[in-house]
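What follows is one structure encoded as structure tokens, with my remarks underneath.
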Amino acid sequence: MYRFTPGSVRRALDAGQSAADLHAFLAAHSRTPVPQPLSYLVDDVARRHGHLRVGAASSYVRCDDDTVLGEILADKRSASLRLRRLAPTVLAAQADPAALLAGLRSMGFAPAAEGDEGDVLITRAPARRTPPRTPPAPVPEGPPLPDATLLGAAVRAIRAGDLAATVPRREPAEPAEPAAARQGPGRAGLPRTSAAETLATVQAAALTNSAVWIGYVNADGAASQRVIAPVRVEGGFVTAYDHTADEVRTYALHRITGVAELADE
């Protein structure tokens, strides 16, 4: 005995049977004519079966102008998107939304992404934040411990200062000015010579590779005494090894207050 219900008939239709197949099956297996209500049941379920369709799609395209969708389908470049028309104004695609947007843009269209409720999605560039600053290295308290380099520099500076302060100077045989005038106001202890004498003395020292004692006033007006060994004199400047600073420096001749030769020991 078989029991037929709308559900059992629908399952047969879902399995690929048609209404004619079911009528033939019933006629072949029934010893009596098929009851009319059963035939009506098969026809009624078959008429309503498949009115709703369910399928899979990764994304869709919709447009009020169906001719635009027709152009997209006709374009060979849309083949990779696997588009098919679901309705006059809707195309379904197997590509994901990002790939579908990129594909349509490469074809010359200007699509916009929409959300679940049909509103246009606005994409914003990710905010760029300034990376966190590396904290500064902690400064140790107190002066640094002296190493070999620092100690060597200190020794050279002390020796150069002693040389500049204690080396005997050779006084000029006939000073052109009194001692007070040679020192000048506010320049006590600095040698004073004329520009010509200064130039001649440093040129001679450069030729003989000898050291001289000079007074020098820098651009800030600070005066100092130095023992230098001139190397080159040209263009209003003298390049010399400064025994006081223990390095080669360049001095402007017009800032040298005076020069004195060192006495022979």
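For the sequence shown, UniProt numbering gives the first residue as 1, with consecutive numbering after it.
A virtual CB, placed ideally from N, CA and C, is assigned to each residue, including glycine.
Spatially closest choice to residue i from the options, by CA coordinates
i, options, result
"Gly-236", "Ile-228, Ala-196, Gly-215 and Pro-136", "Ala-196"
"Ala-240", "Tyr-216, Ser-39 and Ala-229", "Ala-229"
"Ala-99", "Ser-59, Val-90 and Val-68", "Ser-59"
"Leu-26", "His-243, Arg-3 and Asp-116", "Arg-3"
"Gly-115", "Ala-74, His-243, Pro-97 and Gly-103", "Pro-97"
"Glu-234", "Val-202, Ala-46 and Leu-262", "Val-202"
"Ala-200", "Val-259, Pro-126, Arg-11 and Asn-209", "Val-259"
"Thr-244", "Leu-253, Glu-261 and Ile-214", "Ile-214"
"Tyr-40", "Thr-250, Gln-225 and Thr-5", "Thr-5"
"Pro-37", "His-23, Ala-204, His-29 and Arg-31", "His-23"
"Leu-231", "Thr-250, Ser-224, Gly-118 and Asp-220", "The residue you asked about is not Leu; residue 231 is Val in the sequence shown. Of Thr-250, Ser-224, Gly-118 and Asp-220, the residue nearest in Cα terms is Thr-250."
Buried or exposed (CB count within 10 angstroms, at least 16 for buried), residue i
i, result
"Leu-121", "exposed"
"Pro-135", "exposed"
"Gly-50", "exposed"
"Pro-185", "At Pro-185 the pLDDT is 39, less than 50, meaning the model places this residue with poor confidence; the figure from the coordinates comes in the next sentence. Flag for Pro-185 reads exposed."
"Ala-173", "Only weak support exists for where Ala-173 lies, its pLDDT of 47 falling under 50; the value from the coordinates is given anyway. Exposed: under 16 other Cβ atoms inside 10 Å."
"Val-54", "exposed"
"Ala-15", "exposed"
"Asp-44", "exposed"
"Gly-7", "exposed"
Beta carbon of residue i nearer than 8 Å to that of residue j
i, j, result
"Leu-69", "Leu-91", "yes"
"Met-107", "Arg-77", "yes"
"Arg-192", "Val-217", "no"
"Thr-89", "Arg-62", "yes"
"Asp-83", "Ala-74", "Note that residue 83 is Leu in the sequence shown, not Asp. No; because the gap between Cβ atoms is not below 8 Å, this pair is not in contact."
Residues bridged to residue i (per DSSP)
i, result
"Gln-225", "Gly-215"
"Arg-133", "Arg-133 is not bridged to any residue."
"Thr-250", "Thr-239"
"Pro-230", "Ala-240"
"Val-120", "Glu-114"
Exercise. Let me know the beta strand (DSSP E) ranges lying completely inside the UniProt domain "Helicase XPB/Ssl2 N-terminal" (2-87), each 3 residues or longer, listed in chain order.
Key: 59-62 and 83-87
Quiz item: What residue ranges within the region 90-114 form continuous alpha helix (DSSP H) runs of no fewer than 4 residues, ordered along the chain?
Solution: 97-106
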